[in-house]
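First the structure, in the form of C-alpha coordinates, and then the observations on it.
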Amino acid sequence: MRFLKGHGTENDFVVLPDAPPLEPELVRALCDRRAGIGADGVLRVERRDGGFFMDYRNADGSVAEMCGNGIRVYARYLVDAGLAEPGTLPIGTLAGERVVQVPPAGDVTVEMGAPTALAASPTVAGLPGTAVSMGNPHVVVELPDLAALGALDLSRPPAVRPPLPDGQNVEWVVRRGPRLLAMRVHERGSGETRSCGTGVCAAVVAAVARSDGAGLDEPWTVDVPGGRLSVTWLSAGPVLLSGPAVLVASGEVDVDALTARPAPALSRG
(Lines of atoms letter the chains of each structure in order from A and count residues from 1; the text may use other names and numbers.)
(Lines give C-alpha, C1' and ligand atoms only; values in the text may rest on other atoms or scores of the structure.)
Protein backbone atom coordinates (compact mmCIF):
# COMPACT_ATOMS: atom_id res chain seq x y z
CA MET A 1 0.00 0.00 0.00
CA ARG A 2 1.37 3.41 -0.99
CA PHE A 3 1.91 6.02 1.73
CA LEU A 4 3.46 9.41 2.39
CA LYS A 5 4.64 10.88 5.68
CA GLY A 6 4.12 14.53 6.53
CA HIS A 7 3.79 16.93 9.43
CA GLY A 8 2.57 20.37 10.43
CA THR A 9 4.64 21.77 13.32
CA GLU A 10 5.69 18.17 14.09
CA ASN A 11 2.10 16.94 14.42
CA ASP A 12 2.76 14.03 12.06
CA PHE A 13 0.57 11.96 9.77
CA VAL A 14 0.55 9.01 7.43
CA VAL A 15 -1.14 10.00 4.15
CA LEU A 16 -2.84 7.18 2.22
CA PRO A 17 -3.67 8.16 -1.38
CA ASP A 18 -5.14 4.86 -2.59
CA ALA A 19 -6.38 3.04 0.49
CA PRO A 20 -9.77 1.35 0.92
CA PRO A 21 -11.90 2.27 3.96
CA LEU A 22 -9.77 1.99 7.07
CA GLU A 23 -10.02 -0.52 9.89
CA PRO A 24 -8.95 0.66 13.35
CA GLU A 25 -6.40 -2.15 13.59
CA LEU A 26 -4.59 -0.92 10.47
CA VAL A 27 -4.60 2.68 11.70
CA ARG A 28 -3.10 1.65 15.04
CA ALA A 29 -0.43 -0.42 13.26
CA LEU A 30 0.50 2.41 10.89
CA CYS A 31 0.80 4.89 13.78
CA ASP A 32 2.89 2.56 15.94
CA ARG A 33 6.26 4.30 16.35
CA ARG A 34 8.15 1.05 16.95
CA ALA A 35 6.56 -1.56 14.67
CA GLY A 36 4.89 0.72 12.12
CA ILE A 37 5.57 4.00 10.34
CA GLY A 38 4.74 6.16 13.35
CA ALA A 39 2.31 9.07 13.42
CA ASP A 40 -0.26 10.99 15.44
CA GLY A 41 -2.94 10.07 12.89
CA VAL A 42 -3.83 8.85 9.40
CA LEU A 43 -5.17 10.95 6.50
CA ARG A 44 -6.96 8.91 3.85
CA VAL A 45 -7.54 10.65 0.52
CA GLU A 46 -11.11 10.12 -0.65
CA ARG A 47 -13.01 11.53 -3.60
CA ARG A 48 -16.58 12.41 -2.69
CA ASP A 49 -19.28 14.43 -4.50
CA GLY A 50 -16.85 15.54 -7.18
CA GLY A 51 -14.27 16.88 -4.73
CA PHE A 52 -11.83 15.73 -2.08
CA PHE A 53 -12.75 14.48 1.39
CA MET A 54 -10.30 14.06 4.27
CA ASP A 55 -10.95 10.83 6.17
CA TYR A 56 -9.01 11.41 9.39
CA ARG A 57 -8.28 8.87 12.13
CA ASN A 58 -6.56 9.32 15.47
CA ALA A 59 -3.63 7.10 16.38
CA ASP A 60 -5.89 4.76 18.36
CA GLY A 61 -8.03 4.13 15.25
CA SER A 62 -10.94 6.33 16.31
CA VAL A 63 -12.63 8.69 13.84
CA ALA A 64 -12.07 12.43 14.33
CA GLU A 65 -14.22 15.21 12.93
CA MET A 66 -11.42 17.58 11.95
CA CYS A 67 -7.66 18.14 12.17
CA GLY A 68 -6.21 21.59 11.51
CA ASN A 69 -2.62 20.48 11.01
CA GLY A 70 -3.72 17.39 9.11
CA ILE A 71 -5.82 19.27 6.57
CA ARG A 72 -2.83 21.49 5.71
CA VAL A 73 -0.68 18.41 5.08
CA TYR A 74 -3.53 16.83 3.11
CA ALA A 75 -3.87 19.94 0.93
CA ARG A 76 -0.11 20.14 0.39
CA TYR A 77 -0.15 16.54 -0.83
CA LEU A 78 -2.98 17.22 -3.30
CA VAL A 79 -1.12 20.17 -4.82
CA ASP A 80 2.32 18.56 -4.86
CA ALA A 81 0.87 15.39 -6.45
CA GLY A 82 -0.79 17.42 -9.20
CA LEU A 83 -4.29 16.44 -8.08
CA ALA A 84 -5.20 20.09 -7.41
CA GLU A 85 -3.90 23.47 -8.51
CA PRO A 86 -2.27 25.91 -6.09
CA GLY A 87 -4.71 28.48 -4.77
CA THR A 88 -8.14 28.02 -3.21
CA LEU A 89 -8.99 24.39 -2.46
CA PRO A 90 -12.23 23.24 -0.76
CA ILE A 91 -11.88 20.00 1.21
CA GLY A 92 -14.69 18.04 2.85
CA THR A 93 -14.42 16.85 6.46
CA LEU A 94 -16.81 15.38 9.01
CA ALA A 95 -16.99 18.89 10.51
CA GLY A 96 -18.06 20.34 7.14
CA GLU A 97 -16.25 21.83 4.17
CA ARG A 98 -13.05 23.74 4.87
CA VAL A 99 -11.47 26.14 2.37
CA VAL A 100 -7.68 25.95 2.18
CA GLN A 101 -5.29 28.42 0.56
CA VAL A 102 -2.31 26.48 -0.80
CA PRO A 103 0.56 28.42 -2.38
CA PRO A 104 3.09 26.60 -4.60
CA ALA A 105 5.42 26.61 -1.57
CA GLY A 106 5.35 27.88 2.00
CA ASP A 107 2.72 28.11 4.71
CA VAL A 108 -0.83 26.88 4.13
CA THR A 109 -3.90 28.73 5.47
CA VAL A 110 -7.20 27.09 6.41
CA GLU A 111 -10.57 28.71 7.04
CA MET A 112 -11.49 26.60 10.05
CA GLY A 113 -15.13 27.60 10.36
CA ALA A 114 -16.79 29.48 13.20
CA PRO A 115 -16.18 28.34 16.78
CA THR A 116 -19.00 27.34 19.08
CA ALA A 117 -18.99 27.96 22.81
CA LEU A 118 -20.09 24.78 24.56
CA ALA A 119 -22.49 24.98 27.47
CA ALA A 120 -20.34 22.82 29.72
CA SER A 121 -18.16 24.42 32.41
CA PRO A 122 -15.61 21.69 33.07
CA THR A 123 -12.62 21.71 35.35
CA VAL A 124 -9.31 20.01 34.53
CA ALA A 125 -7.43 18.76 37.58
CA GLY A 126 -9.48 21.29 39.56
CA LEU A 127 -8.68 24.26 37.28
CA PRO A 128 -11.47 26.05 35.37
CA GLY A 129 -11.66 25.27 31.67
CA THR A 130 -13.34 26.92 28.69
CA ALA A 131 -15.21 24.47 26.44
CA VAL A 132 -15.01 25.31 22.72
CA SER A 133 -15.93 23.38 19.58
CA MET A 134 -13.86 23.84 16.43
CA GLY A 135 -15.85 21.07 14.77
CA ASN A 136 -14.33 18.84 17.45
CA PRO A 137 -14.47 19.35 21.24
CA HIS A 138 -11.83 21.22 23.25
CA VAL A 139 -11.32 22.34 26.83
CA VAL A 140 -8.83 25.20 27.27
CA VAL A 141 -7.12 25.82 30.62
CA GLU A 142 -5.02 28.92 31.34
CA LEU A 143 -1.89 28.54 33.48
CA PRO A 144 0.08 31.30 35.22
CA ASP A 145 3.54 30.77 33.73
CA LEU A 146 5.84 28.62 31.59
CA ALA A 147 7.11 26.72 34.64
CA ALA A 148 3.60 25.42 35.31
CA LEU A 149 3.21 24.54 31.62
CA GLY A 150 6.49 22.65 31.55
CA ALA A 151 5.70 20.74 34.75
CA LEU A 152 2.55 19.12 33.35
CA ASP A 153 2.50 15.32 33.17
CA LEU A 154 0.55 14.54 29.99
CA SER A 155 1.43 10.85 29.85
CA ARG A 156 -2.15 10.06 30.90
CA PRO A 157 -5.52 11.54 29.90
CA PRO A 158 -6.30 14.59 32.04
CA ALA A 159 -9.07 14.45 34.63
CA VAL A 160 -11.90 16.51 33.10
CA ARG A 161 -15.00 16.96 35.29
CA PRO A 162 -17.55 16.63 33.91
CA PRO A 163 -16.18 15.15 30.69
CA LEU A 164 -17.72 16.33 27.42
CA PRO A 165 -20.17 13.86 25.82
CA ASP A 166 -17.81 12.93 22.95
CA GLY A 167 -14.59 13.26 24.90
CA GLN A 168 -12.28 16.24 24.55
CA ASN A 169 -8.92 17.56 23.51
CA VAL A 170 -7.37 19.54 26.36
CA GLU A 171 -5.13 22.57 25.84
CA TRP A 172 -3.06 24.30 28.52
CA VAL A 173 -2.03 27.83 27.62
CA VAL A 174 0.15 30.61 29.02
CA ARG A 175 -0.08 34.24 27.90
CA ARG A 176 3.44 35.36 27.04
CA GLY A 177 2.63 38.80 25.65
CA PRO A 178 0.09 40.67 23.54
CA ARG A 179 -1.56 38.09 21.25
CA LEU A 180 1.17 35.55 22.05
CA LEU A 181 0.40 32.18 23.65
CA ALA A 182 2.40 29.10 24.56
CA MET A 183 0.48 25.82 24.54
CA ARG A 184 0.67 22.10 25.22
CA VAL A 185 -2.08 19.67 24.28
CA HIS A 186 -3.42 16.21 25.12
CA GLU A 187 -5.42 15.00 22.12
CA ARG A 188 -8.39 12.69 22.36
CA GLY A 189 -7.29 9.38 20.84
CA SER A 190 -3.61 10.31 20.42
CA GLY A 191 -2.26 11.54 23.78
CA GLU A 192 0.18 14.44 23.98
CA THR A 193 1.21 15.67 20.54
CA ARG A 194 3.72 18.27 19.44
CA SER A 195 0.95 20.47 18.04
CA CYS A 196 -2.80 20.57 17.40
CA GLY A 197 -4.29 22.87 14.77
CA THR A 198 -7.85 22.89 16.06
CA GLY A 199 -6.38 23.19 19.56
CA VAL A 200 -4.48 26.41 18.86
CA CYS A 201 -7.66 27.84 17.32
CA ALA A 202 -9.64 26.91 20.44
CA ALA A 203 -6.91 28.44 22.61
CA VAL A 204 -7.13 31.78 20.78
CA VAL A 205 -10.95 31.76 20.87
CA ALA A 206 -10.84 31.17 24.64
CA ALA A 207 -8.24 33.91 25.12
CA VAL A 208 -10.28 36.44 23.12
CA ALA A 209 -13.44 35.49 25.03
CA ARG A 210 -11.65 35.95 28.37
CA SER A 211 -10.45 39.37 27.19
CA ASP A 212 -13.97 40.61 26.36
CA GLY A 213 -13.26 40.49 22.63
CA ALA A 214 -9.83 42.13 22.65
CA GLY A 215 -7.72 40.59 19.90
CA LEU A 216 -10.62 39.85 17.56
CA ASP A 217 -9.67 40.36 13.88
CA GLU A 218 -5.98 40.44 14.83
CA PRO A 219 -3.37 37.72 14.26
CA TRP A 220 -2.28 35.71 17.29
CA THR A 221 0.89 33.66 17.53
CA VAL A 222 0.76 30.31 19.31
CA ASP A 223 3.99 28.52 20.19
CA VAL A 224 3.70 24.75 20.56
CA PRO A 225 6.49 22.21 21.19
CA GLY A 226 6.67 21.54 17.44
CA GLY A 227 6.85 25.12 16.20
CA ARG A 228 4.75 28.23 15.68
CA LEU A 229 1.27 28.80 14.22
CA SER A 230 -0.73 31.93 13.39
CA VAL A 231 -4.43 32.21 14.25
CA THR A 232 -6.92 35.00 13.50
CA TRP A 233 -10.52 34.94 14.74
CA LEU A 234 -12.53 37.11 12.38
CA SER A 235 -15.51 39.11 13.65
CA ALA A 236 -17.42 37.71 10.67
CA GLY A 237 -17.18 34.30 12.35
CA PRO A 238 -14.47 32.05 10.90
CA VAL A 239 -11.09 31.31 12.42
CA LEU A 240 -8.05 31.34 10.10
CA LEU A 241 -5.13 29.00 10.81
CA SER A 242 -1.77 29.39 9.05
CA GLY A 243 1.34 27.28 9.34
CA PRO A 244 3.76 24.90 7.67
CA ALA A 245 2.80 21.67 5.93
CA VAL A 246 5.72 19.44 5.00
CA LEU A 247 5.89 16.10 3.18
CA VAL A 248 9.06 14.27 4.20
CA ALA A 249 8.85 10.70 2.83
CA SER A 250 6.96 8.32 0.59
CA GLY A 251 7.03 4.59 0.01
CA GLU A 252 5.21 1.27 0.16
CA VAL A 253 4.10 -0.50 3.31
CA ASP A 254 3.53 -4.26 3.58
CA VAL A 255 0.09 -4.38 5.20
CA ASP A 256 0.29 -8.11 5.97
CA ALA A 257 3.60 -7.71 7.78
CA LEU A 258 2.38 -4.56 9.51
CA THR A 259 -0.72 -6.17 10.96
CA ALA A 260 0.73 -9.63 11.70
CA ARG A 261 0.42 -10.52 15.36
CA PRO A 262 3.82 -10.98 17.06
CA ALA A 263 4.66 -14.33 18.60
CA PRO A 264 4.07 -14.45 22.36
CA ALA A 265 7.10 -13.78 24.51
CA LEU A 266 8.77 -16.87 25.98
CA SER A 267 8.31 -17.26 29.69
CA ARG A 268 11.22 -18.13 31.90
CA GLY A 269 11.03 -21.21 34.04
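Per the UniProt record's numbering, the sequence shown starts with residue 1, numbered consecutively. Think of the CB as a built atom: it goes at the ideal place given N, C-alpha and C, for glycine as much as any other residue.
{"Check": "Three-way DSSP call (helix, strand, coil) for asparagine 140 in this model", "Outcome": "Looking at the sequence shown, residue 140 is not asparagine but valine. The answer is strand: DSSP assigns valine 140 an E or B state."}
{"Check": "Meets three-Cβ-pair contact criterion under 8 Å: the segment 200-208 and the segment 121-128", "Outcome": "no"}
{"Check": "Close beta carbons around leucine 94, own chain, < 6 Å, minus the five adjacent residues each side", "Outcome": "Glu65"}
{"Check": "With 16 other Cβ atoms within 10 Å as the buried cut-off, status of glycine 215", "Outcome": "buried"}
{"Check": "Simplified DSSP assignment, three categories, for leucine 258", "Outcome": "helix"}
{"Check": "Proline 244 vs glycine 8 beta-carbon contact at 8 Å", "Outcome": "yes"}
{"Check": "Simplified DSSP state of aspartate 80, which is helix, strand or coil", "Outcome": "helix"}
{"Check": "Start and end residues, alpha helix (DSSP H) containing threonine 198", "Outcome": "197-210"}
{"Check": "Three or more C-beta pairs below 8 Å linking the segment 161-168 and the segment 29-45", "Outcome": "no"}
{"Check": "Span separating the alpha-carbon of valine 140 from that of tyrosine 56", "Outcome": "23 Å"}
{"Check": "Three-way DSSP call (helix, strand, coil) for isoleucine 37 in this model", "Outcome": "coil"}
{"Check": "Sequence-distant residues of its chain with Cβ nearer than 8 Å to serine 235 (five each side left out)", "Outcome": "Leu216, Asp217"}
{"Check": "Rounded C-alpha distance that separates aspartate 212 from tryptophan 220", "Outcome": "16 Å"}
{"Check": "Valine 27 in three-state terms, based on DSSP", "Outcome": "helix"}
{"Check": "Helix, strand or coil at glycine 251 [DSSP, three-state]", "Outcome": "strand"}
{"Check": "Distance between leucine 241 and glycine 68 (C-alpha atoms, nearest Å)", "Outcome": "8 Å"}
{"Check": "Contacting residues, own chain, Cβ-Cβ under 6 Å from leucine 180 (five flanking each side not counted)", "Outcome": "Thr221"}
{"Check": "Delimiting residues of the alpha helix (DSSP H) encompassing alanine 131", "Outcome": "Taken as a continuous stretch (DSSP letters only), alanine 131 belongs to no alpha helix (DSSP H), being part of the beta strand (DSSP E) at 127-133."}
{"Check": "Between the CA atoms of isoleucine 91 and valine 239 - distance to the nearest angstrom", "Outcome": "16 Å"}
{"Check": "Enclosing beta strand (DSSP E) for glycine 87 [first to last residue]", "Outcome": "87-92"}
{"Check": "Counterpart residues of methionine 183 in DSSP-defined beta bridges", "Outcome": "Val173"}
{"Check": "Cutoff 6 Å; reference proline 137; Cβ partners in own chain excluding five residues on either side", "Outcome": "Leu164, Asp166, Gln168"}
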